[in-house]
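So the structure is just underneath, and the comments pick up after that.
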Amino acid sequence: MSDVLARLKELQAGDLPVHGGRTLAYVYDAGMPELDRVAREAVAAFAGTNGLDPTAFPSMLRMENDLVAFAARLLDAPDTVAGTVTSGGTESVLLAVQAARDARRVDRPRMVIPETAHPAFHKAAHYFGVETVRVPVGPDFRADPAAMRAAVEADVERTVLVVASAPSYAHGVVDPVTEVAALAADHGLRCHVDACIGGWVLPYAARLGRGVPAWTFAVPGVTSISVDLHKYGYAPKGTSVLLHRTPALRRPQLFSSADWPGYTMLNSTMQSTKSGGPLAGAWAVVNTLGDDGYLRLAGAAFEAVDRIVAGIASQPHLRLVAEPDSTLVTLSPDGACDAFTICDEMAARDWYVQPQLSYRGQPPTIHLSVSAATLEAVDDFLVALAESVSAAVSAGPVRVDPEVAAFVAALDPAALGDDDFDGLLAAAGLLGDAGTDRSGGSSGELALPTRMAEVNALLDLASPALREALLLAFLDRLSRPTPR
Ligand SMILES: Cc1ncc(COP(=O)(O)O)c(C=O)c1O
Numbered sequence: 021m022s023d024v025l026a027r028l029k030e031l032q033a034g035d036l037p038v039h040g041g042r043t044l045a046y047v048y049d050a051g052m053p054e055l056d057r058v059a060r061e062a063v064a065a066f067a068g069t070n071g072l073d074p075t076a077f078p079s080m081l082r083m084e085n086d087l088v089a090f091a092a093r094l095l096d097a098p099d100t101v102a103g104t105v106t107s108g109g110t111e112s113v114l115l116a117v118q119a120a121r122d123a124r125r126v127d128r129p130r131m132v133i134p135e136t137a138h139p140a141f142h143k144a145a146h147y148f149g150v151e152t153v154r155v156p157v158g159p160d161f162r163a164d165p166a167a168m169r170a171a172v173e174a175d176v177e178r179t180v181l182v183v184a185s186a187p188s189y190a191h192g193v194v195d196p197v198t199e200v201a202a203l204a205a206d207h208g209l210r211c212h213v214d215a216c217i218g219g220w221v222l223p224y225a226a227r228l229g230r231g232v233p234a235w236t237f238a239v240p241g242v243t244s245i246s247v248d249l250h251k252y253g254y255a256p257k258g259t260s261v262l263l264h265r266t267p268a269l270r271r272p273q274l275f276s277s278a279d280w281p282g283y284t285m286l287n288s289t290m291q292s293t294k295s296g297g298p299l300a301g302a303w304a305v306v307n308t309l310g311d312d313g314y315l316r317l318a319g320a321a322f323e324a325v326d327r328i329v330a331g332i333a334s335q336p337h338l339r340l341v342a343e344p345d346s347t348l349v350t351l352s353p354d355g356a357c358d359a360f361t362i363c364d365e366m367a368a369r370d371w372y373v374q375p376q377l378s379y380r381g382q383p384p385t386i387h388l389s390v391s392a393a394t395l396e397a398v399d400d401f402l403v404a405l406a407e408s409v410s411a412a413v414s415a416g417p418v419r420v421d422p423e424v425a426a427f428v429a430a431l432d433p434a435a436l437g438d439d440d441f442d443g444l445l446a447a448a449g450l451l452g453d454a455g456t457d458r459s460g461g462s463s464g465e466l467a468l469p470t471r472m473a474e475v476n477a478l479l480d481l482a483s484p485a486l487r488e489a490l491l492l493a494f495l496d497r498l499s500r501p502t503p504r
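Counting in the working numbering, the sequence shown runs without a single skipped number right up to 504 at its last residue.
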């Protein structure tokens, strides 16, 4: 058995580090090994517990209600609030959209979202047949309430939901929730605030005296909020909270089925059987940290953000895309170098920073989700960043052969077949020869390049539709069992 665990450890060696504060996307590190130990033990202790039936495992109901109560206090919710712990931000968003759609039951439902809203809303649209009306944001990357009002009023009858982010992932700014919620309320519509990434840290920012625009249930017209425990709640992966202002607003989210010969099914989430592990892990973390712990961690994360922001000011080829409202920092290089090479250079120095492709004429950017553990390493980060920028300037921006660029720009994803995708993925370096793996072995695994700048530069030239088609083709080929 220990052999199996050793093999798992070996597999993990190729992953991004979860601890150490050097992975600035995907993971959120409190920098507290004892907290991680408690969380791991809690997950393990409840891994086999099943949330399928809240009466069979009352421990899960208790933990869920405790977490909802904590989130409700944090987000200024009224006593009427009704909440649910879900498996993550995407599930919280899916349920908010599903509940909004089913509350109105109109033909061809639509929702009005800022174009910076997370793709979870597009996923919800895709799953639930809701049209997304994407409204351009202002020059400060915040939602434009006047434009959103016009979009709502273009067809109030079919509109089931209006959305704002606190903050948006790509730019780290908080939308003007007061105005967006007011326009929704003027038309009797639901307004969801997606605070998945910032909802657990922004309230502490306010307590630390940092200016945060109003975005919680204190804002009239906000009907639901999503906030993830597995981000700035520093809980293990697998938990988010979805709060509705009243039980009546949550009601369409609940599902029961008793019209079959088996057990009666009663669910508040998309999952039915679900492990108690993530819930127990989150409960352990929240009860270990409490308000004081979160305040301290928020202080550390914001100190790291402030030092990064100050450090960027002295970097000749980098600028902030927006003054951060939260713990997310977005950087943009000038024409002397490119974002993708900087990301690769950072990776070579054991820092993960996330490339973001160009969007509607805005150039590619670099995303940082800064957590408390990054504070200890922030000087090293700034040194690595300066070196990476210098290296990227020396290398010059990634050049894609103009013929390849013209070819990619002219491709119509709808007209491409499987063979075309194989060819394109191979040309991009994303599909190794069958039968070879990263180390040149013959496992049949796909070969992944270690440097991604060329791949990203190529993807960046493609239309969003072609990018999506290529990514799907890639995922399809990635997720196949390795022949034995
Ligand atoms: C604003 C926002 N909403 C929703 C999500 C989706 O969360 P998850 O990845 O937990 O499904 C994210 C993830 O980063 C996010 O930043």
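Just so it is clear, CB atoms sit at the ideal spot from N, CA and C, and this is done for glycine as well.
Membership of ASN70 in any alpha helix (DSSP H) is not indicated, and neither H nor E is assigned to it by DSSP. Ligand 1 has no heavy atom closer than 7 Å to the beta-carbon of TYR283. Using a 10 angstroms sphere on the CB of LYS251, the tally of other CB atoms reaches 16 or more, which defines it as buried. Set against 7 Å, the gap from the CB of GLY34 to the closest heavy atom of ligand 1 is not smaller. Less than 8 Å divides the Cβ of THR293 from the Cβ of ASN70. When C-beta atoms of the segment 365-375 are compared with those of the segment 418-437, fewer than three pairs fall below 8 Å, so the two segments do not count as touching. In this structure, the CA atom of LEU388 is about 22 Å from the CA atom of VAL418. Contact between the segment 96-104 and the segment 329-347 is not established, with fewer than three Cβ pairs separated by less than 8 Å. Less than 8 Å separates the beta-carbon of GLN273 from that of LEU115. Its chain contains TYR224, ARG227 and LEU228 as the residues whose beta carbon lies nearer than 8 Å to that of LEU315, once the 5 sequence neighbours on both sides are disregarded; these appear in chain order.
In the displayed model, VAL155 falls within a strand according to three-state DSSP. Of the residues assessed, SER112 falls on the buried side of the cut-off, its CB having 16 or more other CB atoms within 10 angstroms.
Its Cα nearest to that of GLY149, the residue ASP122 stands out among GLN374, GLU343, ASP122 and ALA300.
By the beta-carbon neighbour count (other beta carbons within 10 angstroms, threshold 16), GLY218 is buried. Contact annotation: the segment 482-500 touches the segment 427-442, with at least three C-beta pairs closer than 8 Å. Check the Cα spacing between GLU84 and each of THR347, GLU396 and TRP303: the tightest is with TRP303. Contact between PHE66 and LEU309 is absent: CB atoms are separated by about 19 Å, not below the 8 Å threshold. Note on geometry: alpha-carbon atoms of GLU177 and GLY34 lie some 51 Å from one another. Per the Cβ contact rule, the segment 163-178 is in contact with the segment 197-207 (3 or more Cβ pairs under 8 Å). Collapsing the DSSP output to three states places ARG210 in a strand. Only buried fits GLN376, as 16 or more other CB atoms lie within 10 angstroms of its CB. A heavy atom of ligand 1 is found nearer than 7 Å to the CB of ASP214.
Here GLU323 is actually not in contact with LEU222; their C-beta atoms are around 16 Å apart, not less than 8 Å. Contact check for CYS211 and ALA174: beta-carbon distance about 17 Å, past the 8 Å limit, so the pair fails to qualify. Taken atom to atom, the span from the alpha-carbon of ALA426 to that of ASP480 is near 13 Å.
Uninterrupted beta strand (DSSP E) stretches at least 3 residues long and entirely within the segment 353-430 occur at 374-376 and 385-389, given in chain order.
For ALA225, the CB stays at least 7 Å from every heavy atom of ligand 1. GLY449 has its alpha-carbon roughly 26 Å from the corresponding atom of GLN382. Membership of HIS191 in any alpha helix (DSSP H) is not indicated, and neither H nor E is assigned to it by DSSP. For VAL176, no beta strand (DSSP E) encloses it, and the DSSP letter there is neither H nor E. The Cβ atoms of LEU348 and THR236 lie no closer than 8 Å to each other. By the 16-neighbour rule on beta-carbons within 10 angstroms, MET131 is buried. When the Cα atoms are used, PRO98 and GLY68 turn out to be separated by approximately 34 Å. For VAL213, the closest of PRO344, THR136 and PRO74 by C-alpha to C-alpha distance is THR136. With distances taken between CA atoms, ALA140 lies nearest to SER246 out of ALA278, MET80, SER246 and THR43. For ARG125, there is no enclosing beta strand (DSSP E), since its DSSP letter is neither H nor E.
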